[in-house]
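Peer 1: Just add 5 to wherever you are in the sequence shown, counting from 1, and you've got our numbering.
The C-beta atom is built at its ideal place from N, Cα and C for all residues, glycine as well.
Keep in mind that this is a model prediction, so the values were computed, not measured.
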Amino acid sequence: MAAPLRAPTVSGMTNDDVSQTHRTALGRLLLDRRTLLRASGAAALATTFAVAGRPASASAACEALVHQDGFATPSAGNWTARIFDGASSPVGAGDVWGDQTLFPPARYAIVPDPAGSGQPVMRFTVPADQVSYRAEIARRQFALGRYRYGVSHYIPTDYVPFRYGTILAQWHGYTLPDGRATNPPLALLLNGAPTPVWELHVYRLQPDLTTQLTRHTLPVPVQYGRWNDWTVDITWSTPSTPGRVIVTHGGTTVLDISGDNNYHQQWPPYFQTGIYRSSWRTGGYPAQPDLQIYHRGITVHDLTGCAAG
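1) I think W102 touches A77, with their Cβ atoms under 8 Å apart; what is that distance to the nearest whole Å?
2) Could you have a look at G284 and say whether DSSP puts it in helix, strand or coil?
3) Can you list, in chain order, the stretches of the beta strand (DSSP E) that have 3 or more residues and sit fully within the segment 197 to 271?
4) Cα separation between T236 and G99?
5) With 8 Å set as the bound, which would you pick, yes or no: does the beta-carbon of F129 sit closer than that to a beta-carbon of chain D?
6) Quick check: Y164 and Y229, are their CB atoms within less than 8 Å of each other?
7) Let me know the secondary structure DSSP gives D74 once reduced to three states.
8) On the CB-based measure, 16 or more other CB atoms within 10 Å of its CB, does A313 come out buried or exposed?
9) Beta-carbon separation of D261 and Y152 under 8 Å?
10) In the DSSP assignment, find the unbroken beta strand (DSSP E) run with V116 in it and report its ends.
11) What's the C-alpha gap between G289 and I298?
12) Do the CB positions of M127 and Y113 come within less than 8 Å of each other?
13) Flag this pair as yes or no: are the beta carbons of L173 and W241 separated by less than 8 Å?
14) As a quick exercise: from A292, R282 and P291, pick the residue whose alpha carbon is nearest that of P140.
15) Whose C-beta lies closer than 8 Å to the C-beta of P182 among residues of the same chain, with five residues either side of it excluded?
16) If you measure between the beta carbons of P273 and F147, is that distance less than 8 Å?
17) If you compare alpha carbons, which of L107, T106 and T130 is closest to V116?
18) Short of 6 Å in beta carbon distance, which residues of its chain neighbour H269, apart from the five on each side in sequence? Order them along the chain.
19) How close, in whole Å, do the beta carbons of Q293 and A133 come, if the pair is a contact with beta carbons under 8 Å?
20) In angstroms with no decimal places, state the Cα-to-Cα distance between G264 and H206.
21) Grouping DSSP H, G and I as helix and E and B as strand, with all else coil, what is V96?
22) Using the C-alpha atoms, what's the distance from H221 back to T258?
23) Could you please give the first and the last residue of the uninterrupted beta strand (DSSP E) stretch that includes W84?
24) Do you know offhand how far Q211's Cα is from A186's?
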């Protein structure tokens, strides 16, 4: 494995990653669960849980598990919104994955692990029908600080590479002061054809409210028919302090960068995962199979009280 990347190439704004414009106003989305979870005591912190679909040892005393979904139960209440194409709606605490109105099975389906583990996983689908382009779920809202996100993706063997980006996880900002939506400050994606690469995209807001993209190509081969286990350790930047992003794949650090990593709004970016291929908005692409990606074992840990990694 190559050494972690630290010197990316900066390019101008592209159309690869177009922001979603849908927000919800539920008050519970703005709850910071950090205090509640830490108040649950050492016994809760000693619980063994899955990180990116893999067994993990008990968390350190400074950590708090603030979100997880292994898709092993019908409940979808850990999430706060679902977005497909131009439609967005809130997810309530009592909602379930089997609600076909909220989660159309053609977009969201809990299925057996295609790798054969026997465990349930989530299959996201974007139909290749020249009009569809997104199937995602979102989780809001955590305060500024440091968080470690565990995500795991399975790229099927019939995946058709596409010349533009396919976002599988993103951390999205909010409407800008001039009323515009914009690119996600951070995104993990597959990019390029015929040989795609893994990339982390970092957008930085400029004084004129445009964004500048830095592409970090990750030294990880794109392999089909297997799970890719990631952690993304994010210390959110503030106007006066730099942030940091550490990406691991299969337990190996593949990227470690510092600097601005959000737009310094009232809230830090919120988490979305699934599939987002913005270049399919306008159709016109060659006929191909429906786009399907599998996800498992999603976790979010609050590391704000931990020493820098």
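Peer 2: Concretely, from the data shown:
1) With 8 Å as the limit, W102 and A77 do not qualify as a contact, their Cβ atoms being about 11 Å apart.
2) Correcting the residue identity first, residue 284 is Ser in this sequence and not Gly. In the structure shown, S284 sits in a helix (DSSP, three-state: H, G or I).
3) 202 to 210, 216 to 222, 232 to 240, 248 to 254 and 257 to 264
4) 28 Å
5) Within the model displayed, chain D is absent; a lone protein chain is all it includes.
6) yes
7) strand
8) exposed
9) no
10) Y113 to P117
11) 22 Å
12) yes
13) no
14) Here residue 140 is Ala; the residue named in the question, Pro, does not match the sequence. If we check each option's Cα against that of A140, R282 comes out closest.
15) L214
16) yes
17) T130
18) P244
19) 5 Å
20) 13 Å
21) coil
22) 13 Å
23) Here W84 belongs to no beta strand (DSSP E), and DSSP marks it neither H nor E.
24) 14 Å
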